[in-house]
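Peer 1: In terms of our numbering, the sequence shown opens at residue 752 and continues consecutively.
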Amino acid sequence: MKSPSLILLLALAFAYATAHAQNVVGTWKRTAMILTEANGKTEDSQPELIKTMPCTAGITYNFLADGTMRVDVPESCGPMKKTIERMNKAGRWSVSGRKLRIVVPDKSLPDSDYDLTLSGNTMTWDFDYAANPQMPNPTKAKRLVIKYTRL
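#1: Return the CA-CA distance between Ala772 and Ser847, expressed in angstroms with no decimal places.
#2: Let me know if Asn872 comes out buried or exposed under the rule of 16 or more other beta-carbons within 10 Å of its beta-carbon.
#3: Expressed to the nearest angstrom, what Euclidean distance is found between the alpha-carbon atoms of Arg894 and Ser827?
#4: Below 8 Å, can you find three or more Cβ-Cβ pairs linking the region 831-843 to the region 804-818?
#5: Could you pull the start and end residues of the beta strand (DSSP E) that Ile853 belongs to?
#6: Where does Lys898 land, buried or exposed, given buried means 16+ other C-beta within 10 angstroms?
#7: Just list the beta strand (DSSP E) runs in the region 766-824, keeping only unbroken ones of 3 residues or longer that don't cross its boundaries, in chain order.
#8: Where does Arg849 land, buried or exposed, given buried means 16+ other C-beta within 10 angstroms?
#9: Do you know how far the Cα of Trp876 is from the Cα of Asn883?
#10: From Pro887 to Gly791, what distance separates their C-alpha atoms?
#11: Leu867: buried (16+ other C-beta within 10 angstroms of its C-beta) or exposed?
#12: Quick check: the Cα distance between Ser863 and Met831, rounded to an integer number of angstroms?
Listed below in structure tokens is the structure:
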């Protein structure tokens with residue numbers, strides 16, 4: 752009698768995990784990159800990036816159902832278009848529970864694990880540098896929060 756209950760519980764857990772991961776699938780635009788420095792100062796670098804390089808406002812991030820990701824950069828970015836797309840080419844993503852893992856082919860960068868929050872059309876990645884000591888951190892930042900809006 753316990754076996755059907757266990758099977759139902761496992762099926763529900765699988766359905767939740769699958770549905771949760773599927774929420775990431777789609778096209779997104781980055782709206783914020785909030786860095787918390789070692790001294791506690793917090794700054795959103797996204798507006799400065801757009802001011803310095805206006806074409807970055809048109810970059811979209813595509814998370815495909817097969818676990819691959821693609822970054823589409825506008826032609827207005829000129830030579831940077833190829834550089835940005837090459838850095839992100841053949842990237843992979845996966846979700847386990849509330850953790851998002853990003854794997855890029857550039858082996859000079861380690862795999863990145865983020866706490867993932869999805870709410871409506873907003874996706875938030877929260878990166879804790881202390882929990883990821885392998886990640887380069889020249890400014891000794893504490894945390895990075897990246898926000899995306901679904902298109």
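Backbone N, C-alpha and C define an ideal beta-carbon position, used for all residues, glycine too.
Because the structure is a prediction, the values reported are computed rather than measured.
Peer 2: Judging by the given coordinates:
#1: Confidence is the limiting factor: at Ala772 the pLDDT is only 47, short of 50, which leaves the residue's position unreliable, though a coordinate-based value still follows. Each residue's Cα considered, the two are about 8 Å apart.
#2: exposed
#3: 31 Å
#4: With the rule of 3 Cβ pairs closer than 8 Å, the region 831-843 counts as touching the region 804-818.
#5: Segment 850-854, the beta strand (DSSP E) holding Ile853.
#6: Residue environment analysis places Lys898 among the buried positions, since at least 16 neighbouring C-beta atoms fall within 10 angstroms of its C-beta.
#7: 777-787, 793-795, 811-814, 819-823
#8: Classification of Arg849: exposed, given that the 10 Å Cβ count is below 16.
#9: 14 Å
#10: 19 Å
#11: buried
#12: 23 Å
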